[in-house]
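Contents: one structure, followed by commentary.
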Amino acid sequence: MSKKVFYSLLICCFGVFQLSAQQKSLQGKITNEADIEGIHVMNLASRFNTITDENGHFSINVKPLDTLLFSSIKYIPEKVVVTEAIFEKGIITVMLSELVNELDEVFLKPNLSGNIAADLKKIKTEKPINFDDVGIPGFKGEPKEKIVPMYFAVTPLSINLEALYKHISGYYKDLKTR
Numbered sequence: 000m001s002k003k004v005f006y007s008l009l010i011c012c013f014g015v016f017q018l019s020a021q022q023k024s025l026q027g028k029i030t031n032e033a034d035i036e037g038i039h040v041m042n043l044a045s046r047f048n049t050i051t052d053e054n055g056h057f058s059i060n061v062k063p064l065d066t067l068l069f070s071s072i073k074y075i076p077e078k079v080v081v082t083e084a085i086f087e088k089g090i091i092t093v094m095l096s097e098l099v100n101e102l103d104e105v106f107l108k109p110n111l112s113g114n115i116a117a118d119l120k121k122i123k124t125e126k127p128i129n130f131d132d133v134g135i136p137g138f139k140g141e142p143k144e145k146i147v148p149m150y151f152a153v154t155p156l157s158i159n160l161e162a163l164y165k166h167i168s169g170y171y172k173d174l175k176t177r
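Using numbering that gives the first Met the number 0, read the sequence shown as starting at 0 and increasing by one per residue.
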């Protein structure tokens, strides 16, 4: 019985070592000219993630046939499959293509003068929709704020800091004169 347990444990240990030997850290570098810091490197098979440093270097755990995704705002996302040769070498160099953000055509109209104030007056705009226009009840006018008396702002048990500040700053005096 003990021989079976021993051999079972021995086989399990070899299996664990074999599995851990199939995965190793891959060192890599992005070789683009500019702005290679902060590019996301993601192993799609294992969900390991990393980002490049200021020199474009990164390190990520991989196995053979894993797919690495390189993505950034500035570059076109690129997928690279880790071949046996890349895995054995342990080093990869990647060149990414820059993403060109193309804008739609802009048409210049001859009726615009270049004077923003004058051109804004010429533009036809729609009247904004008010709550009355759609039949929703609402408040019209300025909301009235009640002045909190000083004896309620500071009591033996509590201090209303907002009311105290408004008394000290003169906000309530200005509110009375409106």
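The beta-carbon is built from N, C-alpha and C at its ideal position, and this holds for glycine as well. Treat the numbers as computed from the prediction; the structure is a model and nothing was measured.
Whose CA, out of the options, lies closest to the CA of residue i?
i      : options                          : result
Ala84  : Glu77, Asp65, Ile35 and Ala116   : Asp65
Lys28  : Phe57, Val40 and Ala44           : Phe57
Thr176 : Glu144, Lys126, Pro136 and Glu36 : Glu144
Tyr74  : Leu102, Gln21, Asn31 and Gln22   : Asn31
Lys62  : Ile91, Asn54, Met94 and Gln21    : Gln21
Asp34  : Thr82, Asp52, Tyr171 and Thr124  : Asp52
Have a look at the DSSP bridge pairing and note the partners of residue i.
i      : result
Lys3   : Partner(s): none; Lys3 has no beta bridge.
Met149 : Looking at the DSSP assignment, Met149 forms no beta bridge with any residue, so it has no partner.
Phe69  : Val40 and Glu77
Gln22  : Gln22 is not bridged to any residue.
Can you find a C-beta in chain C that's less than 7 Å from the C-beta of residue i?
i     : result
Glu87 : The structure shown contains no chain C, having only a single protein chain.
Residue i lies in the alpha helix (DSSP H); which residues open and close that run?
i      : result
Glu83  : Glu83 to Lys88
Ile167 : Leu160 to Ser168
Which residue comes first and which comes last in the beta strand (DSSP E) that contains residue i?
i      : result
Leu119 : First-last for Leu119: Ile115 to Lys121, but that is the alpha helix (DSSP H), not the beta strand (DSSP E).
Thr49  : Asn48 to Ile50
Ile59  : His56 to Val61
Asn42  : His39 to Asn42
Gly137 : Looking at the DSSP string, Gly137 is not in any beta strand (DSSP E), and its letter there is neither H nor E.
What would DSSP say about residue i, mapped onto helix, strand or coil?
i      : result
Glu77  : strand
Ile128 : coil
Leu174 : helix
Thr92  : strand
Lys108 : coil
Glu262 : Residue 262 cannot be examined here, being either before or after the span of the chain that is shown, 0 to 177.
Glu53  : coil
Ile35  : coil
Practice task
Take every Cβ of the stretch 154-162, pair it with every Cβ of the stretch 115-132, and state whether three or more of those distances are shorter than 8 Å.
Solution key: no
Exercise for the section: May I ask you to verify whether the stretch 22-40 touches the stretch 59-73, counting CB pairs closer than 8 Å and requiring at least 3? Expected result: yes
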